[in-house]
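In the numbering used here, the protein residues as written are 1 to 228. Glycine is no exception: its CB is placed at the ideal position from the N, C-alpha and C atoms. None of these values were measured; they are calculated from a predicted model. Read through the structure below, which is laid out as structure tokens, and then see the notes.
As structure tokens, this is what we get:
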């Protein structure tokens with residue numbers, strides 16, 4: 001407000017809103033949305049998007065297959081594994097009462113009750129992580145006992161789990177929850193409305209092209225500086 005900028009919250013911006021406001025310029029920073037892969041069975045009820053899991057909008061069972069071994073897929077797998085470890089209160093009780101030796105307590109703290117498998121079509125996991133982040137994430141996957149199948153193509157999702165390509169026939173990975181983490185696509189549907197109204201529109205961040213957070217910050221800073 002001190003800079004003369006009006007901030008509106010709880011306000012839905014759609015085609016009608018833009019037509020009514022008739023701004024001189026629109027900067028679309030509407031982010032991205034998860035891709036829906038063309039995999040048979042991806043619309044089954046036990047299939048969830050990784051974004052919904054990370055936001056707490058979906059829950060997972062005990063046998064989980066994560067499709068996609070990028071940053072979102074790995075983070076989802078680690079979150080699910082950590083959720084199913086021994087509670088901190090229980091660990092503290094065992095430690096205070098010296099019920100187990102330190103090595104066993106470490107094992108209990110890093111062992112997940114969930115059976116989790118990541119399936120990735122490329123030959124490596126976490127390609128979109130930075131170097132220093134990637135190796136720690138891979139260590140965490142190993143520590144939690146999360147299985148990884150790289151260079152593997154998903155054929156279909158069934159009620160019993162995930163069918164992956166194999167010889168002489170596809171192999172079933174049993175799962176009661178299948179997590180989709182196959183990438184992000186730009187969410188910039190309002191660009192068309194701006195173009196139809198003849199209003200200049202600039203896309204920044206994931207609305208322009210899914211990338212890294214520092215790319216979005218830089219684009220936002222530049223766009224704001226030009227407006228000011």
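- Task: Look at the Cβ atom of residue 63, then the Cβ atom of residue 128, and state whether they are nearer than 8 angstroms.
- Result: no
- Task: Less than 8 angstroms between the CB atoms is what I'm expecting for residue 126 and residue 204, so what's the real figure, rounded?
- Result: The pair is not a contact, with the Cβ atoms about 26 angstroms apart (cut-off 8 angstroms).
- Span of the alpha helix (DSSP H), counted from its first residue to its last, around residue 145: Note, residue 145: premise wrong, no alpha helix (DSSP H); not H, not E.
- Query: DSSP beta-bridge partners for residue 149?
  - Reply: For residue 149, the beta-bridge partners assigned by DSSP are 119.
- Item | DSSP beta-bridge partners of residue 49 | Beta-bridge pairing by DSSP links residue 49 to 180.
- Item | Of the listed residues 76, 190, 146, nearest to residue 182 (C-alpha basis) | For the residues 76, 190, 146, the minimum Cα distance to residue 182 belongs to 76.
- Message: With a threshold of 8 angstroms between beta-carbons, can residue 84 be considered close to chain C, or not?
- Response: Structure shown: chain C not included; a single protein chain is present.
- Task: Determine the direct distance from the alpha carbon of residue 67 to that of residue 140, and round the result to whole angstroms.
- Result: 18 angstroms
- Query: If you run the structure through DSSP and keep just helix, strand and coil, what is residue 230?
  - Reply: Summary: the structure shown does not reach residue 230, with the chain confined to residues 1 through 228, and so no result is reported for it.
- Query: If you compare alpha carbons, which of 156, 100, 28, 48 is closest to residue 34?
  - Reply: Of the candidates 156, 100, 28, 48, the one whose C-alpha sits nearest the C-alpha of residue 34 is 48.
- Task: Could you spell out the range, first to last residue, of the alpha helix (DSSP H) harbouring residue 194?
- Result: 190–197 is the extent of the alpha helix (DSSP H) around residue 194.
- Task: Would you mind giving the Cβ-Cβ distance between residue 119 and residue 65, rounded to the nearest angstrom? I have them listed as a contact below 8 angstroms.
- Result: 6 angstroms
- Provide the residue span of the beta strand (DSSP E) that contains residue 26, from first to last. That run of the beta strand (DSSP E) goes 26–28.
- Task: Would you mind stating whether residue 252 and residue 95 have Cβ atoms separated by less than 8 angstroms?
- Result: There is simply no residue 252 to check, as the chain begins at 1 and stops at 228 in what is shown.
- Item | Helix, strand or coil at residue 39 according to DSSP, with G and I counted as helix | coil
- Query: Do residue 123 and residue 150 have their C-beta atoms within less than 8 angstroms of each other?
  - Reply: yes
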